[in-house]
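Chains as they are written, first to last, in my numbering: chain A, 1 to 166; chain B, 167 to 308.
Note that CB positions come from ideal geometry on N, CA and C, so glycine has one too.
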Amino acid sequence: MRNLLIAIFLLSAIALTGQTSDYSKSRCMEYHKNHCEKSTNKYYKYNSESRSGLFHKGQKSKTLLEAFNGRDYRISICHDDVFDKPIIMRVIDKTRDQVLYDNSNDNYAQDFEFTVTTSIDLWIEIEVQGDSPLTGIDSKSIIRRDSNVGCVGLLIEYMVTPRKGF
Amino acid sequence: MLKIKYIQKAAFIFLIVSLTALTLKAQQSDSLPKDTLVLLGGKPVKAREIEMTKKAFLKTGKIDVNQKGCTVDQYSYSMFALGSNIRATVRDSLIPEKLKRAILNKHINYRYINIDGIIIRNGDDNLFIPEIDTIKVKFVYQ
């Protein structure tokens, strides 16, 4: 009986450790570098504004991108399989607070390429669709253990727009 | 008595053969050959995502099909750039002037075009949806 109790305790501890490791933020570190599909265009370079993070359903988060004139940018997203609905990506003009691109109008495309003709500050907003698992309000909010959380990666690449003519 | 049996047998075989022939004919006219592909810039599209230059895309001025007697009856397209997008349905195989101008626009550099809802018309005026009816063409620089 005593051995059985010890065995149950050990198994519970292992299961708990396994579960908590799923919530670990470090699991998402460099996620974009390892999971997001890079452009096949060899001229695209990695942009250091690329990010990865731990998300839960219903969560929205944004990061700033200073986009420079005369460059092409490619933004791609990748995510864990726990999110059953496609991730929403929006590109927003920071100054005018105007949505310039929303992938929900573009068949939830996982990558977006664009050319910048005037330097601009852009918010790249990521939204994970679904009902939020947060219970409680404000700072006392907690995530239910049975909820799905996973990593989302945002890979940003850039290249100098090739000039046409002389 | 024996003759009637033979006649019955012959009628039965005739019926089976006729039904099989009719089914085969119906199958032939009610579907496209399996190797039917849409041609963009004159090249067959075998994947849902392809890369080509804007010049190559506009080369033939139309969207073709690799089967004789088949033409593209209609298609839709959409293009997205930062702060602008266009979307339309074309009831023809030709690439309209509006789309050509948008692709070659020097101020708005569209980096890709989504083509979807492709419908093919065969020689018997039947309409079909090809196996690859949604294509994303990424424009590469020359």
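Bridge partners of N271(B) according to DSSP: none are assigned. When C-beta atoms of the segment 151-162 of chain A are compared with those of the segment 91-104 of chain A, fewer than three pairs fall below 8 Å, so the two segments do not count as touching.
Chain A places a beta carbon closer than 8 Å to that of R277(B), counting this residue as a contact. One alpha carbon belongs to I179(B), the other to I173(B), and they sit about 10 Å apart.
For the pair N288(B) and C236(B), the Cα-to-Cα distance works out to about 4 Å. Q59(A) is classed as buried because its beta carbon has at least 16 other beta carbons within 10 Å across all chains shown. In the pairwise beta carbon analysis, the segment 59-71 of chain A is classified as not touching the segment 97-111 of chain A: fewer than three pairs are separated by under 8 Å. Where N34(A) is concerned, the enclosing alpha helix (DSSP H) starts and stops at Y31 to H35. DSSP, read as helix, strand or coil, puts Y243(B) in strand.
The segment 104-124 of chain A makes contact with the segment 67-76 of chain A; the number of CB pairs closer than 8 Å reaches 3 or more. Contact between P162(A) and H56(A) is ruled out by a C-beta separation of about 41 Å, above the 8 Å threshold.
Taken through DSSP and simplified to helix, strand or coil, N292(B) comes out as coil. Taking 8 Å as the CB threshold, V116(A) lines the interface with chain B. With respect to the 8 Å criterion, T219(B) and V306(B) are classified as neighbours on the basis of their beta carbons. Between the alpha carbons of N47(A) and I285(B) lies a distance of about 41 Å.
Judged by DSSP in its simplified three-state form, F180(B) adopts helix. I77(A) sits close to I126(A), with the two beta carbons spaced by under 8 Å. Taking the Cα of F83(A) as reference, the smallest distance to any Cα among N3(A), H35(A) and V128(A) is reached at V128(A). Distance from W123(A) to I92(A) at the Cβ level is roughly 4 Å; contact confirmed, criterion being Cβ atoms closer than 8 Å. Put simply, of I281(B), K169(B), L270(B) and G249(B) the residue whose alpha carbon is nearest the alpha carbon of V211(B) is I281(B).
Our two residues, K264(B) and A254(B), have alpha carbons roughly 10 Å apart in a direct line. For P262(B), the number of other beta carbons within 10 angstroms of its own is below 16, and it is reported as exposed. In terms of Cα proximity to A247(B), the closest of A268(B), G207(B) and L260(B) is A268(B). F305(B): member of the beta strand (DSSP E) spanning I301 to F305, first to last residue. Within chain B, no C-beta atom comes nearer than 7 Å to that of D121(A); the closest sits roughly 13 Å away. Taking E217(B) as the centre and dropping the five residues before and after it, the same chain places the C-beta of K304 and V306 closer than 7 Å to its C-beta, in chain order.
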